[in-house]
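Encoded as structure tokens, the structure appears first; notes follow it.
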Amino acid sequence: MNDVTFATLSPSGHTDGFARANLPPLATWPAFLFDLPELHYPARMNCVAELLDSAVKRGWGGRTALIGAREQLAYAELLARVDRIAHVLRHDLGLATGNRVLVRGANCPSMAACILGVIKAGCIAVPTMPLLRARELKAIADKANVNAVLCAGSLVEEVEALDLPVPLVVFDDPAPDALEARMARHGEPFAAADTAADDVCLISFTSGTTGIPKGTMHFHRDVLAICDSFPRHILRSQADDVFIGTPPLAFTFGLGGLLLFPLRVGAAGVLVERLSPETLLAAIAEHRATVCFTAPTFYRQMATQAGRFDLSSLRASVSAGEALPVATREAWQAATGLAMIDGIGATELLHIFISSAGDDVRPGATGKPVPGYQACILDAEGRPVGPGVIGRLAVKGPTGCRYLADERQRNYVQDGWNLTGDAYEMDADGYFYYRSRTDDMIISAGYNIAGAEVEEALLHHPAVAECAVVGRADPERGQLVEAHVVLRSGHIGSEALAQQLQEFVKGQIAPYKYPRAILFKEQLPRTETGKLQRFKLRTEAV
Ligand code: 3UK
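Residue numbers (this note's numbering): 123 to 664.
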């Protein structure tokens, strides 16, 4: 197989050279693989023209593209809206190609249209999550040096507080200078900006459970490459699919799963905000959704209520963002009959790169590399290790890490491999098993303990709704295995129950791994992308 590391980039279609100037040095890029014919893209292309204009040209104009809480848009209607937005950006606001546009909103059709409009205009979309506060938004706006902001009317306060010296246009808003009023003045089609396949179109900030957020830069070709990998080969999405789920569009898990993947095949994406496990189940039934994307804890909570809803339309459920415990896989399968599709993705690689579906699923394993990607396990010195040895997960494929002006590029990419920061193990058949984050391995009295294994054991207990196991600094043992447990309703935390849980764990896994401390909690701290914030548990006062 050929590793293609581009010694040069093709001529940019951008007037503003910010993105090219702030890409990491070529020598620090990962290798890129384009062996598969479906990953051969033309040197010049705009990914939104490929996703949207081509769909309408193919005769899909009347098909439903997006379903929101208040409106539905057919492909032709979405295209018309995207074109109007592109006109506003380039003509009314006078933005140049290559300018960065921060987009802020909850999941809804207008948020999606804004992201697509920015990219079709040849600008670079910087999507941000609704829960971010002024300080976090400021860090992103500064780092990406944004030239304009598109913000949902209901979320504008935090942006106004920043007092950025760039145009701010609100959308989903009746104001006379809002995006909708401006769009009404532009009826003509917008010819997609003539960009290079390797021009940056998206800067996605990592959800960052720790540290300063990193901006990951993605090309037009990367956006298509994720559509032509996981959904094509593992999910096997088709035109009659209806995608639904919880991840925000500003998280690449949601951007791919709820917007890009459906558009690539002429399918529909349901975009509704603030879904709970219960309302997601209701929405699946209401929209006859076929494919669901959400995090493991959501599936675990949904499993207990699934019986009350008509989920007969659902054919695939994708779990990502965190490790999928076998107990959760089993509960979901028992409730719905569906074999969960686990998949590991990362903002740096844009979407899922290891996964398996259907008969290829092996419980406990994330899966095998998605066609187009390669993976292996490396030891501390960077040498590949064989089956049964825990080491650092290393990946390469059509997408890979390019941080926006960030020294941490050298940590994530070594010898052409993307190092995700996960400790994994491979079996003799090439399946990959998640063990922990490399920096989360608990070392207690000389033993290496993967928190996920202890969590797995606890989750099999009927009183446990959710749990998180961390290593807390301990003078005697170095680290102490500490479990934070959320109980199912009807159970009350007590010393007796804690002891019962400890015995329960000892009955399933090597006794030295049992949680010496158990703390009962109302809820666990999570990011907006659904990830557990383990560092908060490790450091909080007890
Ligand atoms: C962890 C998993 C075990 C793992 C993401 C799908 O999560 C996404 O991106 P992030 O940048 O985080 C990446 C890290 O999250 N992780 C994700 N999926 C799994 N661990 N099993 C899994 N199935 O530590 C990884 O390094 O927030 C997920 C698609 C797009 C994404 N950006």
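Ideal placement from N, C-alpha and C gives every residue a C-beta, glycine not left out. Everything numeric in this text was worked out from a predicted model, so none of it was measured.
Could you give the distance in angstroms between the alpha-carbon of Gln536 and the alpha-carbon of Thr521?
Approximately 15 angstroms, taken between the alpha carbons.
Using only alpha-carbon positions, find the residue among Ala587, Thr651, Phe657 that is nearest to Thr250.
Out of Ala587, Thr651, Phe657, Thr651 has the C-alpha closest to the C-alpha of Thr250.
With a 10 Å radius around its C-beta and 16 neighbouring C-beta atoms as the bar for buried, classify Asn168 as buried or exposed.
Buried, because 16 or more other Cβ atoms sit within 10 Å of the Cβ of Asn168.
Can Asp344 be considered in contact with the ligand 3UK, in the sense that its beta carbon sits closer than 7 angstroms to one or more heavy atoms?
In terms of side-chain proximity, the C-beta atom of Asp344 is found no nearer than 7 angstroms to any non-hydrogen atom of the ligand 3UK.
Compute every distance between the C-beta of Lys490 and the non-hydrogen atoms of the ligand 3UK, then say whether any falls below 7 angstroms.
Result no, Cβ not under 7 angstroms from the ligand 3UK.
Reference Asp481, options Thr374, Leu581, Ala438, Asp214, closest by Cα
Distances from the CA of Asp481 to each of Thr374, Leu581, Ala438, Asp214 were compared; the closest alpha carbon is that of Ala438.
Where the beta strand (DSSP E) containing Thr219 begins and where it ends
Looking at the DSSP string, Thr219 is not in any beta strand (DSSP E), and its letter there is neither H nor E.
Do Ala297 and Ala256 have their beta-carbon atoms positioned less than 8 angstroms apart in this structure?
Ala297 is positioned such that its CB atom lies no closer than 8 angstroms to that of Ala256.
Between which residues of its own chain and Leu646 is the CB-CB distance below 7 angstroms, once the five residues before and five after are set aside?
Result list for Leu646: Glu588, Ala590, His606, Val608, Leu654, in chain order.
Sort Glu503, Glu578, Gln601, Glu470 by Cα distance to Ala567 and report the nearest one.
When Glu503, Glu578, Gln601, Glu470 are compared, the shortest CA-CA separation from Ala567 is found for Gln601.
Whose CA, out of Leu385, Ala306, Ala404, lies closest to the CA of Arg203?
Selection Leu385, Ala306, Ala404 evaluated against Arg203 yields Ala306 as nearest (Cα-Cα).
CB contact flag (Asp214, Arg304, <8 angstroms):
Yes, Cβ-Cβ distance for Asp214 and Arg304 is below 8 angstroms.
Candidates Ala449, Glu172, Ser478, Asn267: closest to Gly337 by CA position
Minimum Cα distance to Gly337 is reached at Asn267.
Which residue marks the beginning of the alpha helix (DSSP H) containing Met462, and which one marks its end?
Per DSSP, Met462 belongs to no alpha helix (DSSP H) and is neither H nor E.
So the candidates are Leu436, Phe657, Glu279; which of them puts its Cα closest to the Cα of Leu254?
Measuring from the Cα of Leu254, the nearest candidate turns out to be Glu279.
Starting from Ser276, trace the alpha helix (DSSP H) both ways and give me its first and last residue.
According to the DSSP assignment, Ser276 belongs to no alpha helix (DSSP H), since it is labelled neither H nor E.
Between the C-alpha atoms of Leu676 and Phe352, what's the straight-line distance to the nearest angstrom?
Lying before the first or after the last residue shown, residue 676 is absent from the chain, which here runs from 123 to 664.
Who are the Cβ neighbours of Gly513 in its own chain at under 6 angstroms, not counting the five residues just before and after it?
Ile499, Leu500, Asp501, Val507, listed in sequence order.
Who are the near neighbours of Thr137 in its chain, counting only those whose CB is closer than 7 angstroms to its CB and skipping five residues on each side?
Contacts found: Ala218, Thr219, Gly220.
Segments assigned beta strand (DSSP E), at least 3 residues, entirely inside the region 431 to 501:
Within the region 431 to 501, the complete beta strand (DSSP E) runs of at least 3 residues fall at 438 to 441, 463 to 467, 474 to 477, 496 to 500.
Out of Gly510, Gly467, Phe431, state which residue places its alpha-carbon closest to the alpha-carbon of Asp551.
The residue with the shortest Cα to Cα distance from Asp551 is Gly510.
Heavy atom of the ligand NAD less than 7 angstroms from the Cβ of Ala442, yes or no?
Absence of the ligand NAD from the depicted structure is noted, with the ligand 3UK being the only ligands included.
Is the beta carbon of Phe312 sitting closer than 8 angstroms to the one on His209?
A contact, by the Cβ cut-off of 8 angstroms.
With hydrogens ignored, establish whether the beta-carbon of Arg559 is closer than 7 angstroms to any heavy atom of the ligand 3UK.
Proximity of the beta carbon of Arg559 to the ligand 3UK is indicated: a heavy atom of the ligand is located closer than 7 angstroms.
Just grab the DSSP bridge partners of Leu371 for me.
For Leu371, no pairing in a beta bridge is given by DSSP.
Could you say if the region 168 to 185 and the region 226 to 234 meet the contact criterion of at least three C-beta pairs nearer than 8 angstroms?
By the Cβ test, the region 168 to 185 is not in contact with the region 226 to 234, since fewer than three Cβ pairs between them sit closer than 8 angstroms.
Just to confirm, does Leu215 get its C-beta within under 7 angstroms of one of the non-hydrogen atoms of the ligand 3UK?
Result no, Cβ not under 7 angstroms from the ligand 3UK.
Compute the Euclidean distance between the alpha carbons of Asn124 and Tyr163, then round it to the nearest angstrom.
Because the pLDDT at Asn124 is just 46, under 50, the model does not fix this residue reliably, and the value given afterwards should be weighed accordingly. The straight-line gap separating the alpha-carbon atoms of Asn124 and Tyr163 is approximately 17 angstroms.
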